[in-house]
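Heads up: the protein sequence lines correspond to chains A and B, in order. Counting from 1, one number per residue, gives the positions in the first sequence under the working numbering. Counting from 1001, one number per residue, gives the positions in the second sequence under the working numbering. I have placed the structure first, in the form of structure tokens, so that the comments after it can refer back to it.
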Amino acid sequence: MPATSVVATAAGRFRKTPQLRVETSQRRYVPCVGDEVVAVITERLGGELYRVDMGAAAGALLPALAFAGATKRNRPHLHAGDVVYARVVQVPTERRQCDGELSCTAPGSNKSWVTGECPFGPLCGGTLFAVSPTLTRRLRQRPCAVLEELGRQVAFEIAIGINGRVWVDSDAAPVTILVRNAILASERMDRRQTARLVRALLKATAPLLPTRTIQGVR
Amino acid sequence: MRFEPLSLNELSFVLSSLPLRVDGRPLDGCRRLQLRHVGRYTVLAQCGGTQVAAQCRSAVRAPLPDRPTEGALRVEYTASPVVLERHGAVDGALAGRLREDGVLLESVLRQAPCVDLESLCIVSGQWVYEITVYVTLLDYDGNALGVASVAAAAALQRYARPVAEVQRGSDATTPPIRVYRPEERPPLPLTTLATPLILTAAVFFDDHAPDAPTLFAMDPLYVEECASHSRLVIAYDVRGERLLAVRKGVGAHAATTSLAALRACLERAIEQARPWAAALDAVTKPPSGTATGLPSIPLARVSRPDAPQRTDTLPTRPPPAPASIASPPAGVDPPHPRSPSSSSSSVDELMDTVQPTRLRGSASRARRPR
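Dropping the structure here:
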């Protein structure tokens, strides 16, 4: 019998393109192979493995050598509380009960973790905060209104994990705080409101920002 | 829910960005507080990511032998299993800190004094009311104690206890008591004498630079609490404008706080607490006709014969009025200009006659929340 009506069974924002769906905001992240996540190291197991937390139901493992261009002599020494940007290579399924595994290697590129040019690897400095799944999706899409607006005015470095964690760093603490609060406040705003938000935040924090970041304003 | 660990990046960012704060607030700034009624006797307080629910219950029992004319006020402060699991694994001291905070909250509410315990006496030496405030931490993002104190004070201000009457004509040494249901006799509000508020500040100082000033961050976030070196707790009575208690962390570090810095912090904290005090005042409006438009979430009616205080309807039958109803005794504040409605006028009369020495003035009612 053909369906005559569409009924929503979850609470959230209703979207029509590219297909009918409701964007819910559950708080739990479910890892899939290939996801790029921002993970926090919780434990160092022997010399070979790190146990990490990425906000999923279970923790995952990160081999100590799974960094781009890492050898036994030349690898990062991480401790509990350090942050890494990694990709998921293994996920437990019903068929195969195993620990989830992450990796910071970037296959197909010969950049080393030492120089920091490889996107995966340890993230030093900056701050971390959690965002809802809908905001994560918006931030990872191109174009992203809030990131573009911010990028025109200030210089910062950002890593957005699909697990809902965002890492931000910049030269000055006021800039990092500005970026963090602009992202969190832009969750329910459209383009115009986001532009106004960023302008207002910049105006309010102008005395605290280092002057050289304002020189490039268009 | 599993625990989510705090990264070193977050903690060191909090320290390195001082005197700026992670969410852009000034050092003295408190987050916006939202107070809501849920059902008839529960208050839900929400401040950022911290949510606390407070509910009052009353029971009739024998008083303590050394205080025969005083009722009892108890506070039970617990955290929901979600909060314990989420933060308990990381912060192993959370359960212990909750116990300490519960003891502090109870002693602040008792000694403010928030409720006049002598007004809870039914028969001296034999029957008194015992009011228990159940405070539950539902979600935790810093400053649980502050939000809990607001929720508990609001719940006490809103609570109305059932009427109890001694049954005459009995030969027993302890005369039996009959507690009336709200439908039979309207419940009476408690005599609240003070509105205590607990303000928390995270203390940051630099061991290596003893000349650097000690920084106090009011209403700290969870990351700020974890990164801080110590905690300053201030209990303040908003209505009487009295400082009730100050608690500093123990240890050699806390001793480096100078008295001048502490005094300045106290004054700034009390100034910054005014929006919270206004929100507390606004919540004491009667449930019918809330002029401030505070949302009210009615609970489904639960019928239990032995729980006289569970009801949603405001009883309309006024008690027998004594002769002083028309002219209140001299020296008493006039009744507050509440939103007029037929049932609340009888409640006003009721309250003026039953508690002619109420100390609440209309000046505190004039404040509006943001």
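Note that the Cβ used here is the ideal one computed from N, Cα and C, for glycine as well.
Under 9 Å by beta carbon: chain A residues contacting residue i
i, result
"residue 1033 of chain B", "Result: empty, since nearest Cβ-Cβ is about 19 Å, beyond 9 Å."
"residue 1048 of chain B", "Those within 9 Å of residue 1048 of chain B in chain A number zero; the least Cβ separation is about 11 Å."
Residues sharing a beta bridge with residue i, DSSP
i, result
"residue 1127 of chain B", "B:1123"
"residue 1056 of chain B", "B:1133"
"residue 1201 of chain B", "B:1218, B:1232"
"residue 1139 of chain B", "B:1051"
"residue 38 of chain A", "A:85"
"residue 67 of chain A", "A:104"
"residue 1192 of chain B", "B:1115"
"residue 166 of chain A", "A:129, A:160"
"residue 1165 of chain B", "B:1178"
"residue 1160 of chain B", "B:1189"
"residue 1073 of chain B", "B:1131"
"residue 14 of chain A", "A:22"
"residue 53 of chain A", "A:40"
"residue 90 of chain A", "A:101"
"residue 45 of chain A", "A:49"
Which listed residue (the options) has its alpha carbon closest to that of residue i
i, options, result
"residue 995 of chain B", "B:1276, B:1057, B:1212, B:1138", "Outside the modelled stretch of chain B, which goes from 1001 to 1370, sits residue 995 of chain B, for which no answer is possible."
"residue 160 of chain A", "A:194, A:83, A:115", "A:83"
"residue 1054 of chain B", "B:1151, B:1282, B:1129", "B:1151"
"residue 1205 of chain B", "B:1121, B:1096, B:1019", "B:1019"
"residue 1114 of chain B", "B:1138, B:1218, B:1097, B:1154", "B:1154"
"residue 1157 of chain B", "B:1126, B:1139, B:1192", "B:1192"
"residue 1148 of chain B", "B:1007, B:1006, B:1047, B:1278", "B:1047"
"residue 154 of chain A", "A:144, A:171, A:66", "A:171"
"residue 129 of chain A", "A:116, A:103, A:152, A:163", "A:163"
"residue 203 of chain A", "A:121, A:51, A:139, A:182", "A:182"
"residue 1136 of chain B", "B:1234, B:1183, B:1081, B:1240", "B:1081"
"residue 1166 of chain B", "B:1144, B:1130, B:1139, B:1122", "B:1122"
"residue 101 of chain A", "A:95, A:94, A:209, A:86", "A:86"
"residue 1063 of chain B", "B:1015, B:1107, B:1128", "B:1128"
"residue 36 of chain A", "A:165, A:25, A:143, A:58", "A:165"
"residue 25 of chain A", "A:176, A:138, A:122, A:151", "A:138"
"residue 1015 of chain B", "B:1134, B:1240, B:1214", "B:1214"
Helix, strand or coil at residue i [DSSP, three-state]
i, result
"residue 100 of chain A", "strand"
"residue 1078 of chain B", "strand"
"residue 129 of chain A", "strand"
"residue 1248 of chain B", "strand"
"residue 1275 of chain B", "helix"
"residue 142 of chain A", "coil"
"residue 155 of chain A", "coil"
"residue 1066 of chain B", "coil"
"residue 1023 of chain B", "coil"
"residue 1237 of chain B", "strand"
"residue 1183 of chain B", "coil"
"residue 119 of chain A", "coil"
"residue 959 of chain B", "Outside the displayed span of chain B (1001 to 1370) sits residue 959 of chain B, for which this structure offers no information."
"residue 61 of chain A", "strand"
"residue 221 of chain A", "Because chain A here runs from 1 to 218, residue 221 of chain A falls outside it and cannot be looked at."
"residue 1031 of chain B", "coil"
"residue 1061 of chain B", "strand"
"residue 1101 of chain B", "helix"
Beta-carbon contacts of residue i that lie in its chain and below 8 Å, excluding the five residues immediately before and after
i, result
"residue 1242 of chain B", "1194, 1236"
"residue 33 of chain A", "88, 89, 90, 91"
"residue 1273 of chain B", "1030, 1197, 1199, 1236, 1238"
"residue 5 of chain A", "none"
Contact set between residue i and chain B, taken where Cβ atoms lie within less than 7 Å
i, result
"residue 174 of chain A", "1020"
"residue 128 of chain A", "1007, 1009, 1010"
"residue 83 of chain A", "1007, 1009"
"residue 125 of chain A", "1009"
Neighbouring residues, chain A, relative to residue i (Cβ below 7 Å)
i, result
"residue 1024 of chain B", "177, 181"
"residue 1004 of chain B", "53, 55"
"residue 1017 of chain B", "173, 177"
"residue 1204 of chain B", "By Cβ distance, chain A contributes nothing, its closest Cβ being about 14 Å from residue 1204 of chain B, past 7 Å."
Cβ-based neighbour list, residue i, same chain, cut-off 6 Å, excluding 5 preceding and 5 following
i, result
"residue 1225 of chain B", "1142, 1202"
"residue 1317 of chain B", "Caution applies to residue 1317 of chain B, whose pLDDT of 40 falls short of 50 and renders its modelled position unreliable; the value that the coordinates give is listed next. Cβ neighbours of residue 1317 of chain B beyond the five flanking positions: none."
"residue 1283 of chain B", "1035, 1154"
Sequence-distant residues of the same chain with beta carbon closer than 7 Å to residue i, five excluded per side
i, result
"residue 250 of chain A", "Absent from the structure is residue 250 of chain A, since the part of chain A shown begins at 1 and ends at 218."
"residue 149 of chain A", "194, 195, 198"
"residue 17 of chain A", "none"
"residue 1160 of chain B", "1187, 1188, 1189"
Near the ligand GTP: residue i beta-carbon under 8 Å from a heavy atom
i, result
"residue 1032 of chain B", "Judged by which ligands are present, the structure shown has none, so any question about the ligand GTP falls away."
Per-residue contacts from residue i into chain B (C-beta, under 8 Å)
i, result
"residue 42 of chain A", "1005"
"residue 131 of chain A", "By Cβ distance, chain B contributes nothing, its closest Cβ being about 13 Å from residue 131 of chain A, past 8 Å."
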